[in-house]
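Just so you know, we're using our numbering here: the sequence shown kicks off at 6 and counts up by one. All C-beta atoms in this analysis are idealised placements derived from N, C-alpha and C, irrespective of residue type, glycine included. This one's a predicted model, so the numbers in the text were calculated from it and none came from an experiment.
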Amino acid sequence: MFMGGVAPASFASIHQFLLLLLLFLGFLYLQITIHVGGLSEKITVSCKEGERQALLEFKAGLTDASGRLSSWVGDDCCRWRGVGCNNMTGHVIKLHLRNQIKESFLGFDVFNNAIEGIDPEATNKTSLGGTISPSLLKLKHLNYLDLSFNNFQGTNIPKFIGSLENLRYLNLSSASFSGTIPPHLGNLSRLQYLDLHTEYYYFDELTFNNLQWVSGLSSLRYLNMGGVSFEGKSSADDWIQAATMLPSLSKLHLSDCSLSKIPLSLPFYANFTTSLSVLELADNYFNSSIPPWLFNITSLTVLDLSGNYFKGPIPDTFSNTSSLQNLDISYTLIGGRLPRTLGNLCNLKRLHLSGCSNITGEITELVNSLSLCNSNSLERLSLMGTAVSGLIPSSIGKLLSLIDLYLSQTQLSGSIPASIGNLSSLRTLDFSETQIRGPIPISIGGLSSLRTLDLSGNQIMGSIPASIGNLSSLIRLDLSETQIRGPIPISIGGLSSLIILYLFETQITGSIPASIGNLSSLMTLEISGNQNTISSIPESMGELSELVELSITGSSLSGVISEGHFKNVTSLKVLQLGSEDPNNKLLRFEVSRDWIPTFSLEEIRLYSLQMGPNFPSWPATQKDLFFLTLSNVGISDTIPDGFLNLCAWQRIDHLDLSKNQIRGRVPNSFEFFTATYVDLSFNHIEGSFPLWSNVSYLNLGTNSFTGQIPKNLAVVLGSTVTSLDFSGNLLTGSIPSSICELTILRALIISHNSLRGELPNCWKDMKDLEVIDLGNNNLSGKIPQSIGSLSSLRFLMLGSNNFHGKLPLSLRKCTSLWNLDIGKNRFTGNIPTWIGESLSNLHIIRFRSNFLTGKIPSQLCNLSMLHFLDLSHNNMSGSIPQCLSNLSYLKSRDEENIELEFYEGIYQDQHMMVVTKGRELDYTQTLELVNSIDLSHNHLSGKIPDGITRLVELGTLNLSMNHLIGKIPEKIGDLRNLETLDLSLNQLSGQIPTSISSLTFLSHLNLSHNNLSGKIPSSNQLQTIGNESMYTGNFGLCGWPLANNCPGTNISPPPTYAKVDGEDGSDEEWMDMLWFYIGIIMGFIVGFWSVWGTLFFKKSWRIAYFRFIDHYIE
């Protein structure tokens, strides 16, 4: 029986009806869902009015210069830009107001990779700013808030954000917030993503005192606080305690947070050892060993500890983190050998050990192990700046996933294996500054993805392989400072993507191929250096339309540079051409007088080539020009007024027209727009002393300027001048006291003029003055006491004047002095002991040709940097101090510690007369190579100290014209670098030490006029320089080159031909010489009468000859 009397058929119908109704309702629900989700504009689901008003209040507090919120009008706030609503309820759940980041090319990083980074200035133009209104609290359903990369100009992060309890995503990074992060953010228990990090080019000054508030974010998966500074005083495990309380934390970024302590063990309640996949702690101040607990985080895929002070070896336990894909411990103090276990990390994609200079070991085992991994996933290997050594194994060709390989600045040696060509995915190959040698393998052409190839600073040799032209993706090629030789291959024209090409300091020869014009993307081309012998530059260079910097110099550069070389060059900013040899000007720069380039240069560097004789007009058309060098280019013209006007209204920061034959006059008064460096030296410019203002460095030396130094010098030159060089002119009169008003002056060089009178006593306020060179004038009087106030003074050069008196005691305060030259004056008295006690930085002492008396003070031996001592031509007496052997610079010179600034700093063109090799020579930039002691022409007595032979770096030793007695030191031959030895005109006795034969560099020797005796030692070097005058006046000496033979021997000059044993060839040699002179006389007689006798007897020849002479004279 059926219930209610309903038949089975009816029951079936009802069942079918209900089924159809259910399908209809499902279809209807689906349609509604589709419309709501995809066509919401057709359904009236708009935002809540209260939330719309809240957004408008929020907008009212913001500044919006670019109008990003201009769409925030109308009733439906869900359609406003950056606003997201729930499609069913209309509640605002999302505010995505992240500023659009503008990127630009920023150059190349330390790995030679092109950097495209954020352009802060461009990005800031579209930034939101102002204040964040608490009206956001009315958005009760808000779960996403992103205000990153805006500019809130140092305001604090609002505390009320911690009350937005539904937030799951919060990003306030790089938005120029400052102050302490409010701990109220710890109330956001539903938050999964928190980003407060700061980019280095933004001026955020966010700080935190502790991270205890983070423990309240129980749902957090991502935390980034990079660049936020820790300023608290909590314990070492404060930050790690907070992090370990987060059970879901997957990514933790705390780089550059000024953290200084990291615990060596984790608390027992640590939660993230199985969830954490990314841990970045770079650029902090951790200074312990690497904590062992890091290797217990089995889920870790990224570990970045770079830029810290971690020390100790790389732990073998790294092999426990088998999931690790990115390991970065670069730029730490980690050291020791590369552990074998690193090669077991087969999931590793990136291994960074760069900058760890204490890491040693061989690369072979690491590469071999990694190459055996089945996954073979390594993409980046960086060992740059480590002490890793060994050969690059051929197994490197099996790392087929490699994208970037940085092995620069290591101890790697051997050659580049041919298997390197198998790495078809490689984009960066950097082997620069290693000990790799040998040729570039031909297989390098197989690196089809390569973008950067840097082999600079190696012993790479051979030619550039033609296969290099296959690298069509190459952007940067650097083969500079190598032994590469031969021509540049024609195939280089195939590098269609090349932007930078460095071939400087190589041994490249031949012409630059015309195919260089095919490099349509090339921006920088530098082929310079004094080793290459590039002969010519092709006109196809004019096709490089993108070229920005062109630098081609060489010792054999020749040919003609014409307008065709710049035909389509429109982007050029830097042009450098010239010869490395100033005496070899084979290159000519020939353009028409009315040439106007299609580019606008910022820098022109043309030197040691032929451009003259006329002054070129085209540089005046370069409106962006700030650096101009036309040095040694053969200009013998006057400087056009138009060019000087250019300097007056345009910022020419660097102007160098030196070493030409520029003539005529320049304005006596002239004001530059502004200039750091102006050099017109070594020309023929005339006129009175020029008063040019707005110039920092002014060099008008070696010209023909006349007249006196104006008394209003300081007023006209202004307060910005730091260096004045008027040396080598015809200036007269005295030095005015107004020169002391140039209070920031660093160099005053007025040597080689005709100045006279006394120095003004006004120097006490010139605290920056480093150089005073007044040598070779007619100045007189005493050195002013106020010069002792110059605490920065390094060069005091007063030689070849008429100064008199004693050195003022105040000079002992000039403790920075390097060069003290008072030679060729009329100074009297003793050499002060305080020179050796107070002036510890002295390198050069030149007191020659004065009237100094007394003993040589032993305190001079304290001058550890002294390498030039000239006390000659005085009235010094007493003995040579035994302690001279303590001059440590002359005992052993560490080339790496030489203070090159002494010679390459502010006074690069210093001159000093040095007596060496029997002559007085003018030394300039090679003065650092002169190691000399000259005590000649005094009244010194006693013996030559034996210890002087320990000064093995000595090049000149002159003790002549004294009253020295005793023997020449037996170990004189230890002075291995000695070139000049003069002991003449003394009372030395005994034999000449045989060790003198070891002086292989000796080129001048004078032992004459002593009481030496015995046989003269023989050696190839002595025979080369030998002559009788070297030994004359020593009546006890015998042997060659003297005429008297030693007893029992028959010494003759070195044979000029081989003789048969026992043959006496003296008679035969005499006959040969006799017939030689007879032949010369007979030849002269015959030649004379053959010409003049014919003219005498043949009248027609005589008439023709004198007509020729008359014509030649006319």
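Using only alpha-carbon positions, find the residue among S556, G706, Y149, V233 that is nearest to L196. As a working mapping, residue 196 is identified with position 191 in the sequence shown. Among S556, G706, Y149, V233, the Cα nearest to that of L196 is on Y149.
Between T168 and N192, what straight-line distance do the alpha-carbon atoms span, to the nearest angstrom? On the sequence shown, residue 168 is found 163 positions in, with the first residue counted as 1. On the sequence shown, residue 192 is found 187 positions in, with the first residue counted as 1. The sequence given here places Ser at residue 168; Thr does not occur at that position. If you take the alpha carbons of S168 and N192, they lie about 7 Å apart.
For I489, which three-state DSSP category applies? Counted from its first residue, the sequence shown places residue 489 at position 484. In this structure, I489 counts as strand in the three-state DSSP scheme.
Would you kindly check if the distance between the Cβ of L969 and the Cβ of N936 is under 8 Å? Here residue 936 refers to the residue found at position 931 of the sequence shown. Here residue 969 refers to the residue found at position 964 of the sequence shown. It is not a contact, given that the beta carbons lie outside the stated cut-off.
What residue from R481, I480, S477, I465 has the CA that sits closest to Q488's CA? Numbered from its first residue, the sequence shown carries residue 488 at position 483. For the residues R481, I480, S477, I465, the minimum Cα distance to Q488 belongs to I465.
Give the straight-line distance between the Cα atoms of W654 and K590, rounded to the nearest whole angstrom. Here the question's residue 654 lines up with position 649 in the sequence shown. Here the question's residue 590 lines up with position 585 in the sequence shown. If I take the Cα positions, the gap works out to 33 Å.
Go to K896, then tell me how far its alpha helix (DSSP H) extends in each direction, as first and last residue. One-based indexing of the sequence shown puts residue 896 at position 891. 893–896 is the span of the alpha helix (DSSP H), which, as asked, contains K896.
Below 8 Å on the Cβ atoms is my guess for G841 versus P813; work out the distance and round it to an integer in Å. Position 836 of the sequence shown, counted from the first residue, corresponds to residue 841. Position 808 of the sequence shown, counted from the first residue, corresponds to residue 813. Incorrect: roughly 17 Å between the Cβ atoms, too far for contact.
Can you list, in chain order, the residues of its chain with a C-beta nearer than 6 Å to that of C350? Leave out the 5 residues immediately preceding and following it. The sequence position of residue 350 within the sequence shown is 345, counting from 1. Sequence check: residue 350 is Leu here, not Cys. Once the five neighbours on either side are set aside, the close Cβ partners of L350 are L329.
Supposed contact pair N214 and A180 - C-beta distance, whole angstroms, cut 8 Å: Within the sequence shown, residue 180 is the residue found at index 175, counting from 1. Within the sequence shown, residue 214 is the residue found at index 209, counting from 1. Actually they do not touch by this definition, with Cβ atoms about 21 Å apart.
What are the residues that DSSP puts in a beta bridge with M466? Translated into the one-based positions of the sequence shown, residue 466 becomes position 461. In the DSSP output, where bridge partners are listed per residue, M466 has Q488.
Between the alpha carbons of K1064 and S1024, how many angstroms are there, rounded? Mapped onto the sequence shown, residue 1064 falls at position 1059. Mapped onto the sequence shown, residue 1024 falls at position 1019. Its pLDDT being 39, under 50, K1064 is placed unreliably in this model, and the coordinates cannot settle the point.
Among F182, Y507, V574, whose alpha-carbon lies nearest the alpha-carbon of L479? Here residue 479 is taken as the residue at index 474 of the sequence shown, counted from 1. It is Y507 whose Cα lies nearest to the Cα of L479.
Residue(s) in a DSSP beta bridge with S376: Here residue 376 is taken as the residue at index 371 of the sequence shown, counted from 1. None, per the DSSP bridge assignment.
Relative to the C-alpha of M870, which residue among F852, M250, K896, L857 is closest? For the purposes of this step, residue 870 is identified with residue 865 of the sequence shown, where counting begins at 1. Answer by Cα proximity: K896.
Would you identify the three-state DSSP class for G159, choosing helix, strand or coil? Working through the sequence shown from its first residue, we reach residue 159 at position 154. G159: coil per DSSP, three-state reduction.
Under 8 Å between C-beta atoms of D642 and F620: By one-based count along the sequence shown, residue 642 stands at place 637. By one-based count along the sequence shown, residue 620 stands at place 615. Yes.
Going by C-alpha to C-alpha distance, which of Q158, N1049, D69, S178 sits closest to L133? Taking the first residue of the sequence shown as 1, we reach residue 133 at position 128. Comparing Cα positions, the closest option is D69.
Nearest-angstrom Cα separation, counted from S1034 out to K1020: To locate residue 1020, count along the sequence shown from 1; it is residue 1015. To locate residue 1034, count along the sequence shown from 1; it is residue 1029. Whole-angstrom Cα-Cα distance: 16 Å.
Three-state class that DSSP yields for A680 in the structure shown: Here the question's residue 680 lines up with position 675 in the sequence shown. Three-state DSSP puts A680 in a strand.
Would you report the Cα separation of S882 and S797, rounded to the nearest angstrom? Mapped onto the sequence shown, residue 882 falls at position 877. Mapped onto the sequence shown, residue 797 falls at position 792. When rounded, the distance between both Cα atoms is 33 Å.
Buried or exposed: which applies to L735, given that a residue is buried once 16 or more other Cβ atoms fall within 10 Å of its Cβ? By 1-based counting over the sequence shown, the position of residue 735 is 730. It is exposed - the Cβ of L735 has fewer than 16 other Cβ atoms within 10 Å.
Is the beta carbon of A719 sitting closer than 8 Å to the one on S756? Your numbering for residue 719 matches position 714 in the sequence shown. Your numbering for residue 756 matches position 751 in the sequence shown. Not closer than 8 Å, so no.
From which residue to which residue does the alpha helix (DSSP H) around K266 run? By 1-based counting over the sequence shown, the position of residue 266 is 261. K266 -> no alpha helix (DSSP H), and no H or E assigned at all.
Among residues of its own chain, excluding the 5 on either side of N806, which ones have a beta-carbon nearer than 8 Å to its beta-carbon? As a working mapping, residue 806 is identified with position 801 in the sequence shown. Contacts found: L779, G780, N781, N782, N783, L784, S785, K829, N830.
Any alpha helix (DSSP H) of 4 or more consecutive residues that is wholly inside the stretch 618–662: 646–654
With DSSP as the reference, identify every bridge partner of H809, one or two as the case may be. Here residue 809 corresponds to residue number 804 of the sequence shown, with the count starting at 1. Per DSSP, R831.
Measure the CB-CB distance between L383 and K403 and report whether it falls below 8 Å. Taking the first residue of the sequence shown as 1, we reach residue 383 at position 378. Taking the first residue of the sequence shown as 1, we reach residue 403 at position 398. Against a cut-off of 8 Å, the Cβ pair of K403 and L383 comes out as no contact.
Note down the Cα distance separating I408 from L458, rounded to an integer number of angstroms. Counting from one through the sequence shown, the residue named residue 408 turns up at place 403. Counting from one through the sequence shown, the residue named residue 458 turns up at place 453. Cα to Cα, I408 sits roughly 12 Å from L458.
Does the distance from the CB of L259 to the CB of E285 come in under 8 Å? Position 254 of the sequence shown holds residue 259. Position 280 of the sequence shown holds residue 285. Cβ distance < 8 Å, so L259 and E285 count as in contact.
In three-state terms, what does DSSP make of M546? Position 541 of the sequence shown, counting from 1, holds the residue named residue 546. Three-state result, M546: helix.
Verify the contact flag: L847, CB atom, against every heavy atom of the ligand GDP, threshold strictly below 7 Å. Ligands in the displayed structure: none, and consequently the ligand GDP is not present.
Runs of 3 residues minimum, wholly inside the stretch 323–389: which ones carry the beta strand (DSSP E) assignment? 331–333, 338–342, 355–357, 363–365, 385–387
Nearest-angstrom Cα separation, counted from T203 out to L524: Within the sequence shown, numbered from 1, the residue matching residue 524 stands at position 519. Within the sequence shown, numbered from 1, the residue matching residue 203 stands at position 198. The alpha-carbon atoms of L524 and T203 are separated by roughly 40 Å.
Can you tell me where the beta strand (DSSP E) with W1045 in it begins and where it stops? Counting from one through the sequence shown, the residue named residue 1045 turns up at place 1040. Here W1045 belongs to no beta strand (DSSP E), and DSSP marks it neither H nor E.
Taking CB distances under 8 Å as the criterion, tell me whether L257 reaches chain C. No chain C is part of this structure, which consists of one protein chain only.
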